[in-house]
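Enquirer: Residue numbers (the UniProt record's numbering): 1 to 230.
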C-alpha cells in the first residue's frame, strides 16, 4: 500500500552494483530502510544519489508493510533544497557527524512526531544559520538525549553520571554555566565557550552517550569534526 510521508536522510550504503539501501527517519513511520535501484548506474539520467546525502529533507511516496525490514520508494523529491549545508565545510562536517549519531542511536520503527519535528527544525536551523552555529552539535546532542530517554536535568547530573563511569570530566564554573544554558535555551541560542571547552564538551557528550547506548561504537566522523572546528 502506498503512503505519503516526509523524511530525513540519515545514511545509505551501497547494495549490489547500482543500488543503495537508505536509512530515513520518516514522519509517518519512524526509522525506515528503503531499497533504491539504479541510482549508481552510469546510465542513470538523473543525479538521484544527491537526494540521499546526510540530513536531506525529502517528500516521499513509499510502500509500507509493518512486518518488513526493507521497503521501497515509489516517488521521491527534495522537500527543502540546501543552498549552503553541502558546500560549507563546517556545516557539512556537522551534518555528517549528526547523521552518524542519529544512525547509531535512532531505533524506533514507529511515528514520533515530536522527535521528527525537532530533527527537521534542527536541520533547517543548520542550513539557514549565518553565524554562531559552531556549538550546534553540542546543543543538539544534549536535546536529542531527552528524546532518547536519558537527557540530564542539569550540568551537575551530567557530570555525576560521567564520574560514576570513571570518565575524567571536571568542568569549571564557566563550563557548567554553558552546559546549563545549552540544556535550557532553544537550539541556536548563542552560548559563548572557548574552542578547548567546546572540544572537551564534545568528547564528554560522546562518552555520555556511550554510557546509555552500548552499541554506539566508533564515531568515524568525529576526527574530521574535531579538525574542522579546531
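Even glycine gets a Cβ: it sits at the ideal position worked out from N, Cα and C.
Would you check if there are 3 or more beta carbon pairs closer than 8 angstroms linking the region 152-162 to the region 111-129?
Expert: no
Enquirer: Would you tell me roughly how many angstroms separate the C-alpha atoms of residue 221 and residue 201, rounded to the nearest one?
Expert: 16 angstroms
Enquirer: Rounded to whole angstroms, what's the CA-CA distance from residue 197 to residue 204? Just pull it up for me.
Expert: For residue 197 and residue 204, the distance between alpha carbons rounds to 10 angstroms.
Enquirer: Is it true that the CB of residue 36 sits closer than 8 angstroms to the CB of residue 241?
Expert: The question about residue 241 has no answer here: the residues shown for the chain are numbered 1 through 230.
Enquirer: Taking the alpha-carbon positions, what's the residue 86 to residue 50 distance?
Expert: Computed Cα separation, rounded: 10 angstroms.
Enquirer: Using three-state DSSP, classify residue 176 as helix, strand or coil.
Expert: helix
Enquirer: Is the separation between the beta-carbon of residue 26 and that of residue 7 shorter than 8 angstroms?
Expert: yes
Enquirer: In the DSSP assignment, the alpha helix (DSSP H) including residue 209 goes from what residue to what residue?
Expert: 195-212
Enquirer: Tell me whether the beta-carbon of residue 206 lies closer than 8 angstroms to the beta-carbon of residue 219.
Expert: yes
Enquirer: Start and end of the alpha helix (DSSP H) containing residue 137?
Expert: 136-148
Enquirer: Helix, strand or coil, according to DSSP, for residue 75 in the structure here?
Expert: strand
Enquirer: Identify every residue that forms a DSSP beta bridge with residue 21.
Expert: 13, 35
Enquirer: What's the call for residue 165, buried or exposed, on a 16-neighbour Cβ count within 10 Å?
Expert: With fewer than 16 other Cβ atoms within 10 Å, it is exposed.
Enquirer: To the nearest angstrom, report how far apart residue 172 and residue 1 are at their CA atoms.
Expert: 56 angstroms
Enquirer: Taking the alpha helix (DSSP H) that residue 98 falls in, what are its first and last residues?
Expert: 89-105
Enquirer: With residue 222 as the anchor, note down where its beta strand (DSSP E) starts and where it stops.
Expert: Careful: residue 222 lies outside any beta strand (DSSP E), inside the alpha helix (DSSP H) at 222-229.
Enquirer: So, under 8 angstroms CB-CB, residue 95 and residue 55 are touching, yes? Tell me the CB distance rounded to an integer number of Å.
Expert: 5 angstroms
Enquirer: Identify, in the order they occur along the chain, each residue of the same chain with its Cβ nearer than 6 angstroms to the Cβ of residue 48, setting aside the five sequence neighbours on each side.
Expert: Within its own chain, the residues whose Cβ lies closer than 6 angstroms to the Cβ of residue 48, once the five positions on either side in sequence are excluded, are 39, listed in chain order.
Enquirer: Candidates 209, 78, 147, 72: which alpha carbon is nearest residue 113's?
Expert: If we check each option's Cα against that of residue 113, 147 comes out closest.
Enquirer: In angstroms with no decimal places, state the Cα-to-Cα distance between residue 139 and residue 62.
Expert: Approximately 32 angstroms between the Cα atoms of the pair.
Enquirer: Just how far apart, CA to CA, sit residue 71 and residue 3?
Expert: 12 angstroms
Enquirer: For residue 18, is the beta carbon positioned less than 7 angstroms from some heavy atom of the ligand HEM?
Expert: Judged by which ligands are present, the structure shown has none, so any question about the ligand HEM falls away.
Enquirer: Starting from residue 121, follow the alpha helix (DSSP H) in both directions and report where the run begins and ends.
Expert: 113-128
Enquirer: Between which two residues does the alpha helix (DSSP H) holding residue 162 run?
Expert: 155-164
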